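The structure under discussion appears below in the form of structure tokens.
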Amino acid sequence: MLPRFDFANSIGLCPTVYVLTAKPPNIRIRGKMLCIDYFVLHIFSIPITAGLPYPVGTTEANWNAKTAFLLAGLSIIAFIWAFFFFFGLPESKRTTFEKLDILFESEISARKFASSDNFQALI
Numbered sequence: 224m225l226p227r228f229d230f231a232n233s234i235g236l237c238p239t240v241y242v243l244t245a246k247p248p249n250i251r252i253r254g255k256m257l258c259i260d261y262f263v264l265h266i267f268s269i270p271i272t273a274g275l276p277y278p279v280g281t282t283e284a285n286w287n288a289k290t291a292f293l294l295a296g297l298s299i300i301a302f303i304w305a306f307f308f309f310f311g312l313p314e315s316k317r318t319t320f321e322k323l324d325i326l327f328e329s330e331i332s333a334r335k336f337a338s339s340d341n342f343q344a345l346i
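According to the working numbering, the sequence shown is numbered sequentially starting from 224.
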């Protein structure tokens, strides 16, 4: 059961935080975003890690293999959240931090960062 939990956790919530922090946000809020990302990761990880022995344990809930349904449901929720959240992230491929700052300041939608070819008009 624990290898299944580790597998589900490894493709679910845990790597999502590291992928989200790899996308460079505005330089002024980068530190705050990193703190919030890692805080949320640990806030969700602590109850799952501390609470997992109760459904699995034979003296507590004794769910045994049914615990996989709980973990699968949590993984699906995390996957759906991450899928829709990624659409709101700006595309930063071949973009400098200076250009990202200017795009954020000009309040262009994050989805339109990649198609903002008229960069000189923003300056």
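From the three backbone atoms N, C-alpha and C, an ideal C-beta is built for every residue, glycine too.
Computed from a predicted structure; not experimentally measured.
Segment limits, alpha helix (DSSP H) that includes residue i
i: residue 330; result: Note, residue 330: premise wrong, no alpha helix (DSSP H); not H, not E.
i: residue 335; result: No alpha helix (DSSP H) holds residue 335; DSSP gives it neither H nor E.
For residue i, three-class secondary structure by DSSP
i: residue 304; result: helix
i: residue 285; result: coil
i: residue 317; result: coil
i: residue 292; result: helix
i: residue 310; result: coil
i: residue 275; result: coil
i: residue 254; result: helix
C-alpha distance - residue i paired with residue j, whole-angstrom precision
i: residue 312; j: residue 251; result: 16 angstroms
i: residue 308; j: residue 229; result: 23 angstroms
i: residue 320; j: residue 253; result: 11 angstroms
i: residue 291; j: residue 271; result: 13 angstroms
i: residue 293; j: residue 281; result: 17 angstroms
i: residue 336; j: residue 318; result: 9 angstroms
i: residue 306; j: residue 231; result: 16 angstroms
i: residue 285; j: residue 278; result: 6 angstroms
i: residue 315; j: residue 323; result: 8 angstroms
i: residue 296; j: residue 289; result: 11 angstroms
Q: Could you say if the stretch 293 to 308 and the stretch 226 to 240 meet the contact criterion of at least three C-beta pairs nearer than 8 angstroms?
A: Judged by Cβ distances under 8 angstroms, the stretch 293 to 308 makes contact with the stretch 226 to 240, as three or more pairs qualify.
Q: Taking 8 angstroms as the threshold, find out whether the stretch 320 to 337 comes into contact with the stretch 255 to 275 through three or more Cβ pairs.
A: Result no; under three Cβ-Cβ pairs closer than 8 angstroms.
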